[in-house]
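Take 1 as the starting number for the sequence shown in the UniProt record's numbering and just add one per residue. We treat Cβ as the ideally placed atom computed from N, Cα and C, and that holds for glycine. Okay, so here's the structure we're looking at.
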Amino acid sequence: MNTVTRPRILVVGAGFAGVECVRRLERKLSPDEADVTLVTPFAYQLYLPLLPQVASGVLTPQSIAVSLRRSKKYRTRIIPGGAIGVDLKSKVCVIRTITDEIVDEPYDYIVLAPGSITRTFDIPGLTEHAFGMKTLAEAAYIRDHVISQLDLADASQDPQERASRLQFVVVGGGYAGTETAACLQRLTHAAVKRYPRLDPGLIKWHLIDIAPKLMPELGEKLGRSAQEILQRRGIEISLGTSIAKAGPEEVTFTDGRVIPTRTLIWTAGVVASPLIATLGAETVKGRLAVAAEMNLPGCDGVFALGDSAAVPDLAKGDGAMCPPTAQHALRQGRHVADNVIASLRGQSMTPYVHKDLGLVVDLGGTDAVSKPLGIELRGLPAQAVARGYHWSALRTNVAKTRVMTNWLLNAVAGDDFVRTGFQARKPARLKDFEYTDAYLTPEQVRAHVAGAGRQE
Ligand SMILES: Cc1cc2nc3c(=O)[nH]c(=O)nc-3n(C[C@H](O)[C@H](O)[C@H](O)COP(=O)(O)OP(=O)(O)OC[C@H]3O[C@@H](n4cnc5c(N)ncnc54)[C@H](O)[C@@H]3O)c2cc1C
């Protein structure tokens with residue numbers, strides 16, 4: 001079989017954008033029209049919006065890790081590893097496989113969908129002591145960590161230690177932070193009943209954000225409702241506040257308060273994957289500056305989308321770019337596949353346009369706020385919309401069944417408080433979970449590709 005003459009399409013990242021793109025390419029291209037390859041460190045697509053429910057134990061980790069190999073129809077070649085650099089001139093992507101080998105993958109078309117990483121700031125102690133909420137490993141780690149704080153506080157005779165183990169700080173009042181604080185507070189609230197030696201009054205969750213409002217996308221009234229729900233449940237919300245300093249046993253807020261805590265969860269926004277910087281191309285706030293067709297102007301065959309790209313939001317206009325949401329990423333995935341196919345067949349590409357459908361925020365149990373198509377919902381109707389939306393967006397029937405079964409089990413049998421200990425001795429810093437130090441600089445990519453070319 002001669003594969004050399006077929007165009008090579010390389011998709012980087014198996015998230016919302018990457019998987020949607022690959023599946024569309026598989027459906028629309030005949031096998032002899034192009035070779036499709038996907039680079040991904042994991043063999044699943046992670047359904048990130050349900051991550052807080054994994055951290056709180058409502059869902060098992062496996063239920064939101066949607067397999068990339070469910071069907072025999074999936075004919076894409078999968079390279080298990082991460083792209084660590086792209087040389088646009090030579091059209092080569094440098095990959096570090098999961099066994100740490102460096103592989104050069106030439107392409108004719110490249111679709112960059114490596115998503116984003118946790119955005120951090122130059123705050124003393126932050127990267128050493130904060131946990132993120134971006135990967136399955138982090139969610140599983142945080143769950144164990146929170147339960148271990150209850151176990152250790154229960155075993156301790158020292159009132160100071162107890163107090164610091166029973167306070168928890170979440171930074172970031174967007175949907176990720178708000179849902180994380182809400183779901184984990186629910187977990188500790190339910191768990192403390194099984195620890196008769198612990199005073200429930202000592203358990204305290206703090207949710208802080210430098211912005212003056214929680215989730216401004218929800219609008220004034222709904223945002224206030226979300227805030228009231230959380231405050232009613234005892235979560236202390238501090239707005240206009242951030243972290244000045246983080247240590248192993250305490251966190252200092254910018255308003256001067258010092259909170260004794262061993263748990264700092266940092267969800268204060270995202271930035272594009274470091275892979276984007278290796279291209280040495282123009283960026284907007286770190287995201288690759290692409291046209292509305294999601295191609296990189298002046299670079300033939302290069303496309304980018306999802307959280308890693310600044311895709312113009314034509315539905316909003318005014319020079320806005322699409323927000324980093326799953327809603328946009330998966331629609332862009334389908335659209336970019338169409339544009340890759342159009343460009344491969346010498347047809348014209350079309351711009352991406354999508355009007356935002358709204359927001360759903362699951363605060364655990366029957367607490368939720370949602371704004372589908374501009375309609376403001378609270379409580380059970382909002383929860384039904386939130387869960388219905390996520391459930392229908394899961395890619396496979398197996399994942400849908402797992403999630404539904406987990407929800408039903410949790411509703412009937414309540415939470416469970418097992419600490420697995422699988423990751424107890426693993427490093428727990430942000431960079432360890434997100435592999436942010438794995439990437440090359442643009443100069444290293446060029447030198448590597450040039451060197452590899454000479455050896456051939
Ligand atoms: C806790 C949380 C809750 C959220 N809730 C919502 C919500 O309710 N609604 C909503 O619309 N959005 C939500 N989002 C945002 C949404 O999940 C993202 O916008 C969306 O996942 C972006 O899709 P993507 O395909 O660009 O990136 P991702 O889905 O993050 O996929 C990127 C993929 O690329 C892989 N990858 C990374 N680096 C490399 C590399 N170098 N080489 C190869 N592969 C790589 C990653 O492993 C991953 O599989 C939430 C996010 C979080 C963290």
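Check	Outcome
Cβ of Ala-182 within 8 Å of Cβ of Ile-265?	no
Given 8 Å as the limit, is there contact between the stretch 155–175 and the stretch 293–312, that is, 3 or more CB pairs closer than that?	no
DSSP puts Glu-250 in a beta bridge; with which residues?	Pro-260
For Ser-116, does the three-state DSSP call read helix, strand or coil?	strand
Which first and last residues belong to the alpha helix (DSSP H) in which Asp-432 is found?	430–434
Per the contact definition of three or more C-beta pairs closer than 8 Å, is the stretch 78–98 in contact with the stretch 165–181?	no
Taking Val-111 and Phe-303 to be in contact with their CB atoms under 8 Å, please state how far apart those CB atoms are, rounded to whole angstroms.	5 Å
Here's the rule: buried if 16 or more other CB atoms are within 10 angstroms of the residue's CB, otherwise exposed. What is Leu-330?	buried
Which two residues bound the contiguous alpha helix (DSSP H) that contains Gln-53?	51–55
Where do the N-terminal and C-terminal ends of the beta strand (DSSP E) with Leu-299 fall, by residue?	The sequence given here places Cys at residue 299; Leu does not occur at that position. Counting along the chain, Cys-299 falls outside any beta strand (DSSP E), and DSSP gives it neither H nor E.
Check each candidate in Ser-392, Arg-77 and Lys-371 and name the one with the smallest Cα separation from Leu-218.	Lys-371
For the candidate residues Ile-229, Leu-150 and Ser-225, whose alpha-carbon lies nearest to that of residue 478?	With the chain covering 1 to 456 only, the question about residue 478 has no answer from this structure.
Could you tell me whether the Cβ atoms of Gly-358 and Leu-373 are closer together than 8 Å?	yes
Report the partner residues of Leu-288 according to the DSSP bridge assignment.	Thr-283 and Ala-309
With DSSP collapsed to three states, give me the class of Gly-421.	coil
With burial defined as no fewer than 16 other Cβ atoms inside 10 Å of the residue's Cβ, what is the status of Pro-31: buried or exposed?	exposed
Could you tell me whether the stretch 390–402 touches the stretch 414–429, using the rule of 3 or more Cβ pairs below 8 Å?	no
Could you compute how far the alpha carbon of Ala-190 sits from the alpha carbon of Gly-201?	13 Å
Consult DSSP for Phe-121 and reduce its assignment to one of helix, strand or coil.	coil
Closer than 8 Å is the cut-off here; do at least three beta carbon pairs connect the stretch 54–64 with the stretch 406–414?	yes
Apart from the five residues on each side of it in sequence, which residues of its chain come closer than 7 Å, Cβ to Cβ, to Ala-342?	Ser-348 and Met-349
In whole angstroms, give me the CA-to-CA distance for Pro-216 and Ala-226.	11 Å
Can you check whether the CB of Ile-235 is closer than 8 Å to the CB of Leu-207?	yes
Taking a contact to mean a Cβ-Cβ separation below 8 Å, would you say residue 457 touches Val-449 in this structure?	Coverage of the chain is limited to positions 1 through 456, which leaves residue 457 absent and any answer about it impossible.
Under a Cβ-count criterion, where at least 16 other Cβ atoms within 10 Å of its own Cβ denotes burial, should Thr-441 be classed as buried or exposed?	exposed
What does the alpha-carbon distance come out to for the pair Gly-364 and Ala-155?	28 Å
Kindly indicate the opening and closing residues of the beta strand (DSSP E) around Gly-82.	77–87
Evaluate Asp-158 with the Cβ neighbour count: other Cβ atoms within 10 Å of its Cβ, from every protein chain shown; 16 or more gives buried, anything less gives exposed.	exposed
Could you check the C-alpha separation between Asn-2 and Gly-301 for me, to the nearest Å?	Residue placement at Asn-2 cannot be trusted, given a pLDDT of 49 that sits under 50; what the coordinates show is reported in the next sentence. One C-alpha to the other measures close to 22 Å.
Assign Glu-434 to buried or exposed, taking buried as 16 or more other Cβ atoms, counted over all protein chains shown, within 10 Å of its Cβ.	buried
In whole angstroms, give me the CA-to-CA distance for Lys-28 and Thr-325.	25 Å
Along the alpha helix (DSSP H) that carries Ala-399, what are the first and last residues, could you check?	397–413
Is any heavy atom in ligand 1 found nearer than 7 Å to the beta carbon of Thr-241?	no
Give a single yes or no on whether Asp-209 has its beta carbon closer than 7 Å to a heavy atom of ligand 1.	no
Skipping 5 residues on each side, what residues in its chain have a beta carbon closer than 6 Å to that of Asp-313?	Ala-320, Met-321 and Cys-322
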